[in-house]
Amino acid sequence: MSLGDRYKTEITNEKWDAIIIGSGISGLTSGRLLADAGKKVLILEKHFKFGGYTHTFKRNNYEWDVGIHYIGGNLHKNNSFIRRLFDYLSNNNLDWSRMDDIYDKMVFPDKTYDFVTGKQLFIDQMISYFPKEENAIKKYIELVNQVFKSSLSYYSNKALPGIIGSITYPFMSKSFLRFAKRTTKDVLSEIGCSQQLIGVLTGQWGDYGLPPGQSSFGVQAMITRHYFEGGYYPIGGSRMIAETIIPGIQSKGGKVVLSTGVKTILTHNGNAIGVLLDNGDEIMSKKIISSAGVKNTFEVLLNDENKTSNKSAPINQVDASTGYYCLHIGLNKSAKEIGLNNANLWVYPGYDHDQNLENYLLDNKQSYPVVFISFPSAKDPTWDKYHPDSATIEVITVAEFSKHRQWEDTEWKKRGDEYDLLKENISQSLLESLYKHSPNTKGHVDYYELSTPLTSRDLANYKEGELYGINHTPQRFKQRWLRPETKIKNLYLTGQDIVTAGVSAAMMSGVITSSAILKKNLMKQFLH
Ligand SMILES: Cc1cc2nc3c(=O)[nH]c(=O)nc-3n(C[C@H](O)[C@H](O)[C@H](O)COP(=O)(O)OP(=O)(O)OC[C@H]3O[C@@H](n4cnc5c(N)ncnc54)[C@H](O)[C@@H]3O)c2cc1C
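Using the working numbering, read the sequence shown as starting at 13 and increasing by one per residue.
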């Protein structure tokens, strides 16, 4: 059976129980769980590749992931929740490679700090860097555990339908919101962390897109805990995720179709009844599930009657996350020959991430507030077999969509000389950072290509090329409507926006949405 299905107009004549907009991990998870429950599902993907941010692209002999550098969550343990879920969805066909013991390195101008695998080792390592702040570090870990525990009922509530969900919301969300409605900086300052310690503990802020003065402590704590047992990489690259999940959906009678964008969600008398495609066809379905992000869903996909502000959702209560540049680099020797480790590097100009970001946004000639350097081919044990004598690297930093607005009406790959020059300048500055922090790479760069917020807009369909959907502010976590059920009957949400960014979280959102639709707790089967 080939991967995915081709769009044919006959699809419009079939009877669908659920149409899912988007084939990212959340759409695929929902598709598989609903298909397993006997529902006839149709997944419509606008892009010419499956997988949303888990897709990859190739140039020459190189291949890069677009939205995965590492996943946490105890994947080496067969009985961990995330592993069980991946095994189930992929019919045990998806394998993981654990990164080296040091999975993240926080590089500050005066010193580099290692994030090591294993909770106690991580704690000991932090205390060895900041012996005078031992109590604050221990308190921090205690809070991380509390946030995680309280998040379980906060997220479970999202799966509860209608009135039950509403009545139980206040007490199911109270404990989590105690932390999530505060900024990371507030909480860390209160427990006595110095500016330097805050800078190091929040060194993964790029994993959710906001510095400590703006981010919710809820997301900071969840990310810290997620990586306690180290980082993992999907063997064969991130495209293996969609490639191993789609056949299971097809085998249950579902269809997953590429290059088929949804233009409008059709409604009638306050009910979602189908979709209008970019090609003009209409497809009817009992339920519509959107994984396209809440901004897309409420600001673009709904027709005018439902779009009018705040009627369907108070969408102006959440804002879009930043855009990003990613330099995809190909090297003409293997990672081993060049001497590359697989730890991610996070390079910072100083310990105050809020100030670094502010400086950069005020004047783009200032240092990048963060440069993230990832070595995917060094993480994949099968890379050398299929791509001998080569290696890949990705270098990412923050980019504002507004700086690219003058080219917003141009087409991908045809944006003109001025844009190409801007890209070349940014590529060179990111290469400079790479050579500084990974000097062995110099002389081996054979290919590079920069993606900008316009690339992400055109290929991932986020309006402003957002890195992580909506921003992870305290305000976001207070939004009760960020749940599967919407005010429009039979229209459901799934995806990173109703939980948090991250492949595991987005996968969880698929479980939550399917549970809400089937009125059944699907989470249980993956817990041991
Ligand atoms: C640069 C980058 C690095 C990242 N690194 C990591 C990492 O290391 N680890 C980690 O866990 N997470 C990482 N993430 C985050 C993670 O990739 C995402 O949170 C997750 O994949 C989101 O899944 P999703 O299903 O919610 O959305 P998406 O993957 O965005 O899927 C949504 C899909 O909907 C489709 N779509 C949109 N509109 C329409 C329409 N109108 N019609 C049809 N289809 C439509 C899109 O094309 C897309 O395929 C990273 C993200 C980025 C951008």
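Built from N, CA and C at the ideal position, the CB exists for glycine as well. These numbers come from a predicted model, not from an experiment.
Alpha-carbon to alpha-carbon, residue j and residue i
i    : j    : result
L446 : I94  : 33 angstroms
L164 : V119 : 33 angstroms
K377 : E406 : 22 angstroms
D432 : R469 : 17 angstroms
Q508 : E478 : 12 angstroms
R152 : N315 : Note that residue 152 is Tyr in the sequence shown here, rather than Arg. One C-alpha to the other measures close to 46 angstroms.
P121 : G362 : 7 angstroms
K275 : F160 : 38 angstroms
H88  : A390 : 18 angstroms
K501 : T21  : 26 angstroms
V268 : R110 : 30 angstroms
S439 : Y460 : 8 angstroms
P182 : G174 : 14 angstroms
Q491 : G265 : 36 angstroms
L471 : T422 : 14 angstroms
L339 : L539 : 39 angstroms
S303 : A325 : 16 angstroms
Y480 : K27  : 34 angstroms
L505 : N483 : 17 angstroms
N105 : Q208 : 43 angstroms
S337 : N25  : For clarity, residue 337 is Tyr in the given sequence; the question names Ser instead. The straight-line gap from Cα to Cα measures roughly 42 angstroms.
P259 : R18  : 14 angstroms
T195 : S185 : 17 angstroms
Cβ-based burial, residue i [other Cβ within 10 Å; buried from 16]
i    : result
G204 : exposed
D136 : exposed
W424 : exposed
N169 : buried
F60  : exposed
T41  : buried
N291 : exposed
L313 : buried
R488 : buried
H280 : exposed
I37  : buried
G85  : buried
N72  : exposed
G243 : buried
K381 : Looking at the sequence itself, residue 381 is Pro, so the reference to Lys does not match. The residue in question, P381, is buried, as its Cβ has 16 or more Cβ neighbours within 10 Å.
E75  : buried
P388 : buried
S297 : buried
E255 : buried
D99  : buried
P143 : exposed
E145 : buried
Within 7 angstroms, strictly: CB atoms of residue i and residue j
i    : j    : result
H416 : P465 : yes
T525 : P496 : yes
Q39  : I32  : Rather than Gln, the amino acid found at residue 39 in this sequence is Gly. For G39 and I32, yes; Cβs fall inside 7 angstroms.
L462 : K499 : no
V359 : V383 : yes
K197 : G218 : no
A233 : V128 : no
F191 : G215 : no
I257 : L56  : no
L45  : L534 : yes
G29  : K58  : The question names Gly, but residue 29 in the sequence shown is Asp. Result no, Cβ atoms of D29 and K58 do not sit closer than 7 angstroms.
A284 : I301 : no
S250 : D392 : no
V523 : I83  : no
S402 : A171 : no
D396 : S346 : yes
I541 : L357 : It is not possible to answer for residue 541, since the shown part of the chain is limited to 13 through 540.
D112 : N354 : yes
Sheet register partners of residue i (DSSP bridge)
i    : result
R71  : Y74
R110 : Y244
A411 : G335
K501 : N283
W28  : S297
V383 : V359
L462 : L339
T196 : T196 pairs with nothing; no bridge assigned.
Proximity test, Cβ basis, 7 angstroms: residue i and chain D
i    : result
K170 : Absent from the structure: chain D. Only one protein chain is present.
**Asked** Considering only residues of the stretch 273–352, which uninterrupted alpha helix (DSSP H) runs meet the minimum length of 4 residues and lie entirely inside it, listed in chain order?
**Response** 316–319 and 347–350
Hey, which unbroken runs of the beta strand (DSSP E) at 3 residues or more fall wholly within the stretch 119–192?
124–128
- Query: Hey, which unbroken runs of the alpha helix (DSSP H) at 4 residues or more fall wholly within the stretch 209–261?
  - Reply: 229–238
Complete alpha helix (DSSP H) runs within the stretch 479–535 (minimum length 4 residues, chain order):
486–489 and 515–530
**Report entry** Within the stretch 396–440, ranges of the beta strand (DSSP E) (whole runs, at least 3 residues)
**Finding:** 403–411
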